[in-house]
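Visitor: Residue numbers (our numbering), protein chains in the order written: chain A, 1 to 110; chain B, 1001 to 1117.
#1: Consult DSSP for residue 82 of chain A and reduce its assignment to one of helix, strand or coil.
#2: Name the chain A residues whose beta carbon is nearer than 9 Å to that of residue 1109 of chain B?
#3: Taking Cβ positions, are residue 1115 of chain B and residue 1037 of chain B nearer each other than 8 Å?
#4: Take residue 1029 of chain B and list the residues in its own chain whose beta-carbon comes closer than 7 Å to its own, dropping the five residues that flank it on each side.
#5: Just mark residue 14 of chain A as buried or exposed, buried being the case when its beta carbon has 16 or more other beta carbons within 10 Å.
#6: Would residue 1059 of chain B and residue 98 of chain A be called neighbours here (beta carbons separated by less than 8 Å)?
#7: Quick check on the burial criterion: 16 or more other C-beta atoms within 10 angstroms. Buried or exposed for residue 67 of chain A?
#8: Counting only beta-carbon atoms, is residue 33 of chain A nearer than 8 Å to chain B?
#9: What is the rounded straight-line gap between the Cα of residue 43 of chain A and the Cα of residue 1107 of chain B?
#10: Please report the distance separating the alpha-carbon of residue 1031 of chain B from that of residue 110 of chain A.
#11: CA-CA distance, residue 1043 of chain B and residue 1027 of chain B?
#12: Which partner residues of residue 11 of chain A appear in the DSSP bridge assignment?
#13: Pull up the CB-CB distance for residue 1081 of chain B and residue 1004 of chain B, whole angstroms please, since I reckon it's below 8 Å.
#14: Apart from the five residues just before and just after residue 1014 of chain B, which ones in its own chain have a Cβ nearer than 8 Å to its Cβ?
#15: Residues of chain B with CB closer than 7 Å to the CB of residue 51 of chain A, please, in chain order.
#16: How about residue 100 of chain A: is its C-beta nearer than 8 Å to some C-beta of chain B?
#17: According to the neighbour-count rule (16 or more other Cβ atoms, all chains shown, within 10 Å of its Cβ), is residue 1050 of chain B buried or exposed?
#18: Would you call residue 1041 of chain B buried or exposed, if buried means 16 or more other Cβ atoms sit within 10 Å of its Cβ?
See the structure below:
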C-alpha cells in the first residue's frame, strides 16, 4: 500500500503552472529526501527530481521540487503538452525499511 | 550510454517460479544500489526490492518477502530477481532500476510477468 499521498489528478492549460503535493510522515519524508518520477504510458519511468530539489542533467528547469516537514511538492511551470504524464513521489521509509512511492498524479494539459 | 535491459518475463501458472535478469552497461555497476520496481495493470508504482553495492544488504517489500530473492553478479554487471510461489497479484511490468532512491536514478524498459492459469 502507498504511504505517500498525492492528488489523483491535476491539469492546466499550456503555459500555466501546476503543483503536485506529496504527503508523508515522520518516518519517510520527515527524515529522508524525496524523489520525483515522470512516467509516460508505455515507456520507462524517468527520474525528474532527486534529493528534494535536484534536477538531473537534461531535465528542463521548468520542473522544480521542494520539501517542508512531512510534505513535498513538484511544480511544473510553463506547462507543455509533452508534460502530460503520470507523476510519482518516492522516499525511503525508515520504519518500514522500504522504499515507498506516492499514489501517483495524472497531469492533463487542457 | 546507460542501458538496463530486462529479460526473463513471461506467462507462468500460479505457484510457479520465474527468474528475471537485468543486464547493465554504460556505467560502473558496482557504484550503485540496484532495485526492482513493478507496476500492475492499471495501478501505480510499487517498490519490490533493493540490493546494495556488494550484495550484503537486501530489503524487500512485505508483499514479496519470503517469496522473492534479489541478487547481483558484479562480474557480469547483472541484477536478478528470483520469484517463487507466484500469485495472480504479482502480474506486473517489472523494472530494473539504478539508484531508485537518489541521484543517478535510471530505469530499464521493463519485463512483463503474467501469472495466470
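For glycine and all other residues, C-beta sits at the position ideal for the given N, C-alpha and C.
Guide: In short, the structure shows the following:
#1: helix
#2: 43 and 44
#3: no
#4: 1074 and 1077
#5: exposed
#6: yes
#7: buried
#8: yes
#9: 10 Å
#10: 42 Å
#11: 31 Å
#12: A:108
#13: So it is not a contact: roughly 13 Å between Cβ atoms.
#14: 1086, 1087, 1088, 1115, 1116 and 1117
#15: 1102 and 1103
#16: yes
#17: buried
#18: exposed
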